[in-house]
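Counting from 1, position 62 in the sequence shown corresponds to residue 62 in full-length UniProt numbering; the numbering is continuous, with no gaps.
Cβ coordinates follow ideal geometry from the N, Cα and C atoms, glycine included.
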Amino acid sequence: MGNACWELYCLEHGIQPDGQMPSDKTIGGGDDSFTTFFCETGAGKHVPRAVFVDLEPTVIDEIRNGPYRQLFHPEQLITGKEDAANNYARGHYTIGKEII
1 MGNACWELYC
11 LEHGIQPDGQ
21 MPSDKTIGGG
31 DDSFTTFFCE
41 TGAGKHVPRA
51 VFVDLEPTVI
61 DEIRNGPYRQ
71 LFHPEQLITG
81 KEDAANNYAR
91 GHYTIGKEII
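Right, dumping it as structure tokens:
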């Protein structure tokens, strides 16, 4: 769901899947709310202000391999090695502690 949300933000603000904005477009159409969602790097790439975290790696791997994979910095995509099997205690006290 998070990936679909960022695809929509990119479409709304005219950002390409690689984080670049076409030179004929102005940032956010002249609206400064653009910076609420994206941060511009020194190279002119627009990176989402988001971090994706999941204990189970296949969900984040869909983002890593999807059409918007170049939009996110690898440090924004954090995964574990296994899921918590819908068990809160396992996710909070054992597997989740390793990530935090």
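Coarse secondary structure for Val53, derived from DSSP in three states | strand
Please work out which residues of its chain come closer than 8 Å, Cβ to Cβ, to Asp18, disregarding the five sequence neighbours upstream and downstream, and give them in chain order.
-> Lys45, Gln70 and Leu71
If you check the beta carbons only, do Phe38 and Ile60 fall under 9 Å apart?
-> no
When DSSP labels each residue in this structure, what does Leu77 get in the three-state scheme?
-> strand
Where does the unbroken alpha helix (DSSP H) through His46 begin, and where does it stop?
-> No alpha helix (DSSP H) holds His46; the beta strand (DSSP E) holding it covers His46 to Pro48.
Check each candidate in Asp24, Trp6 and Leu77 and name the one with the smallest Cα separation from Glu56.
-> Leu77
If you draw a straight line from the alpha carbon of Tyr88 to that of Thr94, how long is it in whole angstroms?
-> 10 Å
According to DSSP, is Leu38 helix, strand or coil?
-> Inspection of the sequence shows that residue 38 is occupied by Phe rather than by Leu. Looking at Phe38 - three-state DSSP - the assignment turns out to be strand.
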